[in-house]
Ligand code: SAH
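Dropping the structure here:
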């Protein structure tokens, strides 16, 4: 049976008109679904019993279900969430002193092939539906209230999958998360992270969503980047920069470059200089992420000196750089470790 949440407001309206009902019913039901997050048609109390019965005949609602919840010693919570077809994705709650961030997935598996990322090993199984994305946000918000006494404050699309490869659903989900007739959260607190698909970055810039953009760079030297992120041969760094300039022109929002430093891969002076040069082309900052091991030897060696050199050289060049502490590593909840190990 069709999940009623796959219908747009327009389609819902058409449906009600087609069964001889008033069109305003669509808005009422839409509000139950997206604003009040009602998962049971039976509970939609301003809809007549007869009409609720009709809806139950025609539609289902298939919310995500927490399959396994794990808590890290640092407070991070990782959820394995089961989808209607039995597939599983992971959604992570990351608490700090002042905020709670939800790290959510956009695909089951991933269509890209970054060698350092565990999700890439799963391959892409399917895109998540709009409701499956929104449900993750609602879940983490509930967990934040329950465990930390405060609502969710930030959302990052840094879980499983490449958001730009599930573009329509991600954009629609962001609208439902931010619109007043949806969850009404602030779009400024949402970050979409991408491995860098130029055409889609431009398209997103045109949506006027007011979200932030992060780009997983890891190297500003073409060959090195292509080596560790093989799909990127199709997307040269100059094309990505074009798209980023377009993004900035349209949104006036500075780009965050995500970057790991690996010994023998990108720890030389020329790597640092290439990054500085790339950053200077567009208003941006760098987020140095600690690599989380996925058991690939090639990436396992850390070069702390080089990391420090990155920081001092970038600062000298006037580029903002922050070092992000890894969270949830003990339960494989950290960046790049989401791989449905427990399924
Ligand atoms: N596909 C999107 C979002 C998911 S990855 C993207 O590539 O941006 C979220 C972030 O984790 C990316 O910056 C990615 O490069 C990084 N990452 C992947 N594997 C990692 C690992 N093993 N350790 C640390 N960061 C990793």
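In my numbering, the protein residues as written are 8 to 350. For each residue, glycine too, the CB sits at the ideal point set by N, CA and C.
Thinking just about the alpha-carbon of each residue, which of the options is nearest to the one in residue i?
{"i": "residue 29", "options": "50, 54, 8 and 40", "result": "54"}
{"i": "residue 66", "options": "19, 110 and 260", "result": "19"}
{"i": "residue 153", "options": "231, 203, 84 and 174", "result": "84"}
{"i": "residue 309", "options": "86, 269 and 61", "result": "269"}
{"i": "residue 58", "options": "33, 347 and 82", "result": "33"}
{"i": "residue 72", "options": "11, 51 and 46", "result": "46"}
{"i": "residue 287", "options": "100, 252 and 112", "result": "252"}
{"i": "residue 188", "options": "111, 10, 37 and 341", "result": "37"}
{"i": "residue 167", "options": "40, 113, 230 and 294", "result": "113"}
{"i": "residue 74", "options": "56, 82 and 96", "result": "96"}
{"i": "residue 160", "options": "27, 101 and 10", "result": "101"}
{"i": "residue 134", "options": "127, 143, 128 and 118", "result": "118"}
{"i": "residue 327", "options": "346, 207, 304 and 282", "result": "282"}
{"i": "residue 256", "options": "267, 289 and 224", "result": "289"}
{"i": "residue 254", "options": "182, 60, 300 and 209", "result": "209"}
{"i": "residue 9", "options": "277, 240 and 69", "result": "69"}
{"i": "residue 139", "options": "181, 226 and 248", "result": "181"}
{"i": "residue 249", "options": "279, 280 and 207", "result": "207"}
{"i": "residue 306", "options": "277, 35 and 234", "result": "234"}
{"i": "residue 40", "options": "21, 60, 14 and 64", "result": "14"}
{"i": "residue 104", "options": "130, 155 and 76", "result": "155"}
{"i": "residue 42", "options": "89, 148 and 183", "result": "183"}
{"i": "residue 192", "options": "226, 225, 148 and 230", "result": "148"}
So is residue i buried or exposed if we call it buried at 16+ other beta carbons inside 10 Å?
{"i": "residue 242", "result": "buried"}
{"i": "residue 123", "result": "buried"}
{"i": "residue 175", "result": "exposed"}
{"i": "residue 31", "result": "exposed"}
{"i": "residue 334", "result": "buried"}
{"i": "residue 311", "result": "exposed"}
{"i": "residue 62", "result": "buried"}
{"i": "residue 343", "result": "buried"}
{"i": "residue 272", "result": "buried"}
{"i": "residue 319", "result": "exposed"}
{"i": "residue 49", "result": "exposed"}
{"i": "residue 87", "result": "buried"}
{"i": "residue 157", "result": "exposed"}
{"i": "residue 232", "result": "buried"}
{"i": "residue 80", "result": "exposed"}
{"i": "residue 321", "result": "buried"}
{"i": "residue 26", "result": "exposed"}
{"i": "residue 213", "result": "exposed"}
{"i": "residue 293", "result": "buried"}
{"i": "residue 24", "result": "exposed"}
{"i": "residue 244", "result": "buried"}
{"i": "residue 136", "result": "buried"}
{"i": "residue 315", "result": "exposed"}
{"i": "residue 64", "result": "exposed"}
Roughly how far, in whole angstroms, is the beta-carbon of residue i from the beta-carbon of residue j, given that I think they are within contact range, below 8 angstroms?
{"i": "residue 115", "j": "residue 94", "result": "5 angstroms"}
{"i": "residue 339", "j": "residue 348", "result": "6 angstroms"}
{"i": "residue 228", "j": "residue 211", "result": "Between residue 211 and residue 228 the Cβ distance is about 26 angstroms, and since that is not below 8 angstroms, they are no contact."}
{"i": "residue 295", "j": "residue 331", "result": "7 angstroms"}
{"i": "residue 202", "j": "residue 217", "result": "Rounded, the Cβ-Cβ distance is 22 angstroms, inconsistent with contact."}
{"i": "residue 169", "j": "residue 221", "result": "Not really, about 12 angstroms apart at Cβ, beyond 8 angstroms."}
{"i": "residue 219", "j": "residue 197", "result": "7 angstroms"}
{"i": "residue 151", "j": "residue 185", "result": "Actually they are not in contact, since the Cβ atoms of residue 151 and residue 185 sit about 18 angstroms apart, beyond 8 angstroms."}
{"i": "residue 128", "j": "residue 346", "result": "6 angstroms"}
{"i": "residue 110", "j": "residue 171", "result": "Going by Cβ atoms, the distance from residue 110 to residue 171 rounds to 17 angstroms, so no, they are not a contact pair."}
{"i": "residue 120", "j": "residue 205", "result": "Rounded, the Cβ-Cβ distance is 18 angstroms, inconsistent with contact."}
{"i": "residue 291", "j": "residue 263", "result": "7 angstroms"}
From which residue to which residue does the beta strand (DSSP E) around residue i run?
{"i": "residue 266", "result": "262-266"}
{"i": "residue 198", "result": "197-201"}
{"i": "residue 329", "result": "328-331"}
{"i": "residue 362", "result": "Because the chain spans 8 through 350 in this model, residue 362 falls outside it and cannot be assessed."}
If I follow the unbroken alpha helix (DSSP H) through residue i, where does it start and stop?
{"i": "residue 219", "result": "First-last for residue 219: 219-223, but that is the beta strand (DSSP E), not the alpha helix (DSSP H)."}
{"i": "residue 240", "result": "Counting along the chain, residue 240 falls outside any alpha helix (DSSP H), and DSSP gives it neither H nor E."}
{"i": "residue 251", "result": "244-258"}
{"i": "residue 26", "result": "Note, residue 26: premise wrong, no alpha helix (DSSP H); not H, not E."}
{"i": "residue 291", "result": "Per DSSP, residue 291 belongs to no alpha helix (DSSP H); it is in the beta strand (DSSP E), 291-296."}
{"i": "residue 279", "result": "276-287"}
{"i": "residue 205", "result": "205-213"}
{"i": "residue 340", "result": "Here residue 340 belongs to no alpha helix (DSSP H), and DSSP marks it neither H nor E."}
{"i": "residue 157", "result": "It is not in any alpha helix (DSSP H) - residue 157 carries neither H nor E in the DSSP assignment."}
{"i": "residue 13", "result": "Neither: residue 13 is in no alpha helix (DSSP H) and is coded neither H nor E."}
{"i": "residue 270", "result": "It is not in any alpha helix (DSSP H) - residue 270 carries neither H nor E in the DSSP assignment."}
{"i": "residue 319", "result": "311-323"}
{"i": "residue 184", "result": "174-185"}
I want to check one thing, is the minimum distance from the CB of residue i to the heavy atoms of the ligand HEM below 8 angstroms?
{"i": "residue 339", "result": "The ligand HEM is not among the ligands present in this structure, which contains only the ligand SAH."}
Any beta carbon from chain B within less than 9 angstroms of residue i's own beta carbon?
{"i": "residue 243", "result": "The structure shown contains no chain B; it is built from a single protein chain."}
| said: Going residue by residue through the segment 33-118, where are the continuous alpha helix (DSSP H) segments of at least 4 residues, counting only ones entirely within it? | reply: Fully enclosed alpha helix (DSSP H) runs of 4 or longer: 56-65.
| message | Please give me, in chain order, every unbroken run of the beta strand (DSSP E) with length at least 3 that falls completely inside the segment 120-150. | response | Counting only runs of 3 or more residues that sit fully inside the segment 120-150, no beta strand (DSSP E) segment turns up.
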